[in-house]
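Chemist:
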Amino acid sequence: MMMIFGIPAPLLFGQLLLGLINGAFYALLSLGLAVIFGMLNIINFAHGALFMMGAFASWMLLNYLGIGYFPALILSPIIIGIFGIVLERVMISRLYKIDHVYGLLLTFGLALVIEGLFRNYYGSSGMPYQIPHILQGATNLGFMFLPIYRAWVVLAALVVCIATWAVIEKTSLGAKLRAATENAPLVRAFGVNVPRMVTLTYGGGVALAAFAGVLAAPIYSVNPNMGDNFINTVFAVVVIGGMGSIMGSIITGFGLGVIEGLTKVFYPQASATVVFLVMVIVLLFLPRGLFGKTA
Amino acid sequence: MLEVRDLNAWYGESHVLHGAAFEVREGEVVTLLGRNGAGKTTTMKSIMGLVPCRDGTIRFRGRELIGLPSDAIARSGIAFCPEERGIFGSLSVTENLLLPPVVAPGGLDIDTIYALFPNLKERARTAQGTKLSGGEQQMLAIARILRTGARMLLLDEPTEGLAPVIVQQIGHTIREIKNRGFTVLLVEQNFRFAATVADRHYVMEHGRMVDMIPNHLLNSRLDKLHEYLGV
Numbered sequence: 004m005m006m007i008f009g010i011p012a013p014l015l016f017g018q019l020l021l022g023l024i025n026g027a028f029y030a031l032l033s034l035g036l037a038v039i040f041g042m043l044n045i046i047n048f049a050h051g052a053l054f055m056m057g058a059f060a061s062w063m064l065l066n067y068l069g070i071g072y073f074p075a076l077i078l079s080p081i082i083i084g085i086f087g088i089v090l091e092r093v094m095i096s097r098l099y100k101i102d103h104v105y106g107l108l109l110t111f112g113l114a115l116v117i118e119g120l121f122r123n124y125y126g127s128s129g130m131p132y133q134i135p136h137i138l139q140g141a142t143n144l145g146f147m148f149l150p151i152y153r154a155w156v157v158l159a160a161l162v163v164c165i166a167t168w169a170v171i172e173k174t175s176l177g178a179k180l181r182a183a184t185e186n187a188p189l190v191r192a193f194g195v196n197v198p199r200m201v202t203l204t205y206g207g208g209v210a211l212a213a214f215a216g217v218l219a220a221p222i223y224s225v226n227p228n229m230g231d232n233f234i235n236t237v238f239a240v241v242v243i244g245g246m247g248s249i250m251g252s253i254i255t256g257f258g259l260g261v262i263e264g265l266t267k268v269f270y271p272q273a274s275a276t277v278v279f280l281v282m283v284i285v286l287l288f289l290p291r292g293l294f295g296k297t298a
Numbered sequence: 002m003l004e005v006r007d008l009n010a011w012y013g014e015s016h017v018l019h020g021a022a023f024e025v026r027e028g029e030v031v032t033l034l035g036r037n038g039a040g041k042t043t044t045m046k047s048i049m050g051l052v053p054c055r056d057g058t059i060r061f062r063g064r065e066l067i068g069l070p071s072d073a074i075a076r077s078g079i080a081f082c083p084e085e086r087g088i089f090g091s092l093s094v095t096e097n098l099l100l101p102p103v104v105a106p107g108g109l110d111i112d113t114i115y116a117l118f119p120n121l122k123e124r125a126r127t128a129q130g131t132k133l134s135g136g137e138q139q140m141l142a143i144a145r146i147l148r149t150g151a152r153m154l155l156l157d158e159p160t161e162g163l164a165p166v167i168v169q170q171i172g173h174t175i176r177e178i179k180n181r182g183f184t185v186l187l188v189e190q191n192f193r194f195a196a197t198v199a200d201r202h203y204v205m206e207h208g209r210m211v212d213m214i215p216n217h218l219l220n221s222r223l224d225k226l227h228e229y230l231g232v
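Each protein sequence line maps, in turn, to chains A and V. Residues in the first sequence are numbered from 4 upward in steps of one, following the working numbering. Residues in the second sequence are numbered from 2 upward in steps of one, following the working numbering.
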C-alpha cells in the first residue's frame, strides 16, 4: 500500500475528501453570512436553521409532492429564500435603527423557534434522503475510491461560490451592493432603492444556506439539529476569513475543511478544536481576519 | 425649478435650519455662501432627504419633496455630489462612474464625460476609486452625476482642499455644465471662486438666509459680504 508521511494513502485522501466536503458547506454557509453581514450589519444566527430548512424542503418536496433531487436543488433555495425575504420584511427590518445586538438576539431566537417547531413535528432522530440515482456509486481513482455524490457536492458548491463571487465583484448589481455596504445613504441618494436591495440580499444569503442544505440532505440525515453541527464552525470561518469578505469566506471555508480533515489523520484528538485554534492564532496576529479590509 | 420655504432641520436635539428659504430658477447657478456651521450642507442634505428630521416646503418642478425617501427624490431628477465626495473604495473608477442609475433621458454619455474630464479616461482602469488624487476624486464625483439625466445638481464644496489649478478646472467644468443647460446649487466657502461661476448668491447665517446678492452686484457689496463671512 502506498504510504505518505507514514499514513496509508487511501486514509489520507479519504480524509482530505471529507475535509473538502465539510469545507464546501463551510464555504457556502459563511458566504451567505458574509453577504448578509456586509449589507445588513446583522450576524444571522438563524443561518443554521435556514440551512436545515433547505434540507427539509427538499425532503418534503420528495415525500409529499414526489419532486426529486435536481428540481429541489433549485426549488428549495427559492422557497426558503422567499421565507427569508418575509422574515426580513416582517421582523429583521424593524431592527436596523437600533443596536446590532437586537438583530443577533432576534435571529438567535428565530433559530430556536424554527428548530423547535421542526423537532415537534418530525422528531430529532433524522430521516434519510436517497442519493439521486445517477450520482450513486464511486469511481476508483487508483489511489482511492471517490464516491460520486461527494465529488458532486464539492463541485456544485465550488461553482455556486464562484458564481456568487462573480455577481458581487463583476456585475453592476454587485457594484451597487458593494457601494451600499460602504455608504448606504449615499447610494440611496443616487436613486437606488436600497431597502429593496437589502431585502433581496437577505433572501439571497438565505437561499445559499438552503442550497447547502439540499446538498447536505443525502450525506447527513435530514434532522432539525443538522445546522447546529455546522454553524459554530462556520462562525469561526467567518471570523478567520474576515467579516464581510466574499473571497475570504470561500477560501477560508474550503481551507479550514481541509485542515480539519488532515487533523483527523495526524492528530484526531484535536480535530474538533483545530478550527478554533486557527481562529485564536489568526486573531492574535490579524484582528481583522485573513481577508478583512483595513478600515 | 427648486423652491425652498420655511425649511427647518434637526440633528437629534440640535435645531440646525431655522426657516431657510430660497429659490433656484432653471438654468441658473446659485451658491449658498456662509461661515462654517451656517447650515449650507444641511440645506443640501435636507433637499436630498438625508437629514432624518426636517419640515417646511421643498418644491422641485412643482412637486413637494418633504416626505419622500431620498431614492425617490433622486429619481425626480436631482443629483447630489457630497462634500466628502463619496468615492467608493471597493469600486473601480469605472464602477464609481457607472454607479448612479439613470433617472431620466438626457444625461451626458460616457464619451462626452471623458471629453470633459480627460484625466478620468486615463485613470478608468484604476481598481480602487479612492486611489485617485483628491482632484480626480472630485472630478469623478461630479462626472458620475452628469450621466444620470438629472438636470438639477447639488454640489457641496467641490473646491475644498484642492490646488488652485484644479479649482480653475472645476470652475471651467461648472460653466460648461451651465452652458449645457444644467441647473446648479453650489455650496462654497470661497466667494471669489463662487463669483466666477454663479448667477446669484444666498448668504446663510445661523440656519437661515440673511441676504441675496446677484453676481453683478457682488463687487459693490464686498464690504457687506466680508462682514457676513468674517474674512
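Note that the Cβ used here is the ideal one computed from N, Cα and C, for glycine as well. Since the structure is predicted, the reported quantities are computational estimates derived from the model, not experimental observations.
Following the continuous beta strand (DSSP E) through V:GLY57, name the residue where it begins and the one where it ends.
Modeler: In the second sequence, the residue the question calls residue 57 of chain V occupies position 56. Start and end: 54 to 61.
Chemist: Can you tell me where the beta strand (DSSP E) holding V:ASN9 begins and where it ends?
Modeler: Position 8 of the second sequence, counted from the start, is the residue given in the question as residue 9 of chain V. Run containing V:ASN9: 3 to 12, per the beta strand (DSSP E) assignment.
Chemist: Rounded to whole angstroms, what is the Cα-Cα separation between A:PHE238 and A:LEU21?
Modeler: Mapped onto the first sequence, residue 238 of chain A falls at position 235. Mapped onto the first sequence, residue 21 of chain A falls at position 18. Approximately 20 Å, taken between the alpha carbons.
Chemist: Does DSSP put A:VAL268 in a helix, in a strand, or in coil?
Modeler: The residue given as residue 268 of chain A occupies position 265 in the first sequence. In this structure, A:VAL268 counts as helix in the three-state DSSP scheme.
Chemist: Measuring alpha carbon to alpha carbon, tell me which residue in V:PRO165, V:ASN97 and V:GLU161 is nearest V:ARG145.
Modeler: By 1-based counting over the second sequence, the position of residue 145 of chain V is 144. Nearest option by C-alpha distance: V:ASN97.
Chemist: Distance, Cα to Cα, A:LEU286 vs A:TYR29?
Modeler: The residue labelled residue 286 of chain A in the question sits at position 283 within the first sequence. The residue labelled residue 29 of chain A in the question sits at position 26 within the first sequence. Whole-angstrom Cα-Cα distance: 19 Å.
Chemist: Going by DSSP, which residues form a beta bridge with V:SER15?
Modeler: Numbered from its first residue, the second sequence carries residue 15 of chain V at position 14. Bridge partners of V:SER15: V:TYR12.
Chemist: Counting only beta-carbon atoms, is A:ARG191 nearer than 8 Å to chain V?
Modeler: Along the first sequence, read from residue 1 onward, the residue named residue 191 of chain A stands at position 188. It does: the Cβ of A:ARG191 has a partner Cβ on chain V nearer than 8 Å.
Chemist: Pick out whichever of A:VAL170, A:ILE10 and A:ALA219 has its Cα sitting closest to the Cα of A:LEU53.
Modeler: In the first sequence, counting from the first residue as 1, residue 53 of chain A sits at position 50. The option with the nearest alpha carbon to A:LEU53 is A:ALA219.
Chemist: Going along chain V in order, which residues have a C-beta closer than 8 Å to the C-beta of A:PRO188?
Modeler: For the purposes of this step, residue 188 of chain A is identified with residue 185 of the first sequence, where counting begins at 1. Here the neighbours are LEU51 and SER71.
Chemist: DSSP beta-bridge partners for A:ASN214?
Modeler: Here the question's residue 214 of chain A lines up with position 211 in the first sequence. Here the sequence assigns Phe to residue 214 of chain A, which means Asn is not the residue at that position. Paired residue(s): none; A:PHE214 is not in a bridge.
Chemist: Do you know offhand how far V:SER71's Cα is from A:VAL195's?
Modeler: Numbered from 1 along the second sequence, position 70 holds the residue referred to as residue 71 of chain V. Numbered from 1 along the first sequence, position 192 holds the residue referred to as residue 195 of chain A. One C-alpha to the other measures close to 9 Å.
Chemist: Spell out the partners DSSP gives A:MET130 in its beta bridges.
Modeler: Looking up residue 130 of chain A in the first sequence gives position 127. Bridge partners of A:MET130: A:VAL225.
Chemist: Only counting runs of 4 or more residues, tell me where the alpha helix (DSSP H) segments fall wholly within the segment 140 to 197 of chain A, in order along the chain.
Modeler: Complete alpha helix (DSSP H) runs here, min 4: 151 to 173 and 175 to 192.
Chemist: Could you compute how far the alpha carbon of A:VAL278 sits from the alpha carbon of A:LEU259?
Modeler: What you label residue 278 of chain A is simply residue 275 of the first sequence in a count that begins at 1. What you label residue 259 of chain A is simply residue 256 of the first sequence in a count that begins at 1. Straight-line Cα distance between these residues: approximately 7 Å.
Chemist: Given a limit of 9 Å on CB to CB distance, which residues of the segment 15 to 44 of chain A reach chain V?
Modeler: Listed by position along the chain: nothing, the set is empty.
Chemist: Under a CB-based cut-off of 8 Å, is V:PHE118 close to chain A?
Modeler: As a first step, residue 118 of chain V must be located in the second sequence, where it is residue number 117. No, because no Cβ of chain A sits closer than 8 Å to the Cβ of V:PHE118.
Chemist: Whole angstroms is fine: what's the gap from A:PRO188's alpha carbon to V:LEU226's?
Modeler: Within the first sequence, residue 188 of chain A is the residue found at index 185, counting from 1. Within the second sequence, residue 226 of chain V is the residue found at index 225, counting from 1. Distance between the alpha carbons of A:PRO188 and V:LEU226 is about 34 Å.
Chemist: What does A:GLU91 reach in chain V if we use C-beta pairs closer than 9 Å?
Modeler: Taking the first residue of the first sequence as position 1, residue 91 of chain A is located at position 88. Within chain V, no residue comes near A:GLU91; the closest Cβ sits about 18 Å away, beyond 9 Å.
Chemist: Does the beta carbon of A:ARG97 sit closer than 8 Å to a beta carbon anywhere in chain V?
Modeler: Taking the first sequence and counting its residues from 1, the one referred to as residue 97 of chain A is at position 94. So, not an interface residue.
Chemist: Please confirm whether V:PRO106 has its beta-carbon closer than 8 Å to some beta-carbon of chain A.
Modeler: Counting from 1 along the second sequence, the entry for residue 106 of chain V is found at position 105. Answer no: the Cβ-Cβ gap between V:PRO106 and chain A never drops below 8 Å.
Chemist: Ends of the alpha helix (DSSP H) at A:ILE24?
Modeler: For this step, residue 24 of chain A is matched to residue 21 along the first sequence. Element bounds for A:ILE24: 12 to 43.
Chemist: Nearest to A:ALA215 by CA position, among A:GLY251, A:VAL201 and A:LEU158, is which residue?
Modeler: On the first sequence, position 212 is the one that residue 215 of chain A refers to. Measuring from the Cα of A:ALA215, the nearest candidate turns out to be A:LEU158.
Chemist: Mind listing the chain A neighbours of V:ARG152? Cutoff is C-beta to C-beta under 7 Å, in chain order.
Modeler: Reading the second sequence from its first residue, position 151 is the one you call residue 152 of chain V. Here the premise fails: no neighbours, minimum Cβ distance about 14 Å.
Chemist: May I ask which residues mark the beginning and end of the alpha helix (DSSP H) holding A:VAL89?
Modeler: Locating residue 89 of chain A in the first sequence gives position 86, where the first residue counts as 1. Here the alpha helix (DSSP H) through A:VAL89 covers 72 to 93.
Chemist: Output the distance between the C-alpha atoms of A:ALA298 and V:GLN169, rounded to the nearest integer angstrom.
Modeler: Here residue 298 of chain A corresponds to residue number 295 of the first sequence, with the count starting at 1. Here residue 169 of chain V corresponds to residue number 168 of the second sequence, with the count starting at 1. Because the pLDDT at A:ALA298 is just 45, under 50, the model does not fix this residue reliably, and the point stays unresolved.
Chemist: Determine, using beta carbons only, whether V:GLU96 comes closer than 8 Å to chain A.
Modeler: For the purposes of this step, residue 96 of chain V is taken as the residue at position 95 of the second sequence. Chain A, which has a Cβ nearer than 8 Å to the Cβ of V:GLU96, makes this yes.
Chemist: Which class does A:GLY69 belong to by DSSP, given the choice of helix, strand or coil?
Modeler: Stepping through the first sequence from its first residue, residue 69 of chain A is reached at position 66. Correct three-state label for A:GLY69: coil.
Chemist: Using 8 Å as the limit for Cβ to Cβ distance, is V:PRO159 near chain A?
Modeler: Working through the second sequence from its first residue, we reach residue 159 of chain V at position 158. V:PRO159 does not count as touching chain A.
Chemist: Here's the rule: buried if 16 or more other CB atoms are within 10 angstroms of the residue's CB, otherwise exposed. What is V:SER91?
Modeler: One-based indexing of the second sequence puts residue 91 of chain V at position 90. Classification for V:SER91: buried.
Chemist: What residue from A:ALA12, A:ILE81 and A:SER61 has the CA that sits closest to A:TYR72's CA?
Modeler: Counting from one through the first sequence, the residue named residue 72 of chain A turns up at place 69. That would be A:SER61, whose Cα lies nearest to the Cα of A:TYR72.
Chemist: Just by C-beta distance, which residues in the segment 219 to 231 of chain A are closer than 7 Å to chain V?
Modeler: Within the segment 219 to 231 of chain A, no residue qualifies.
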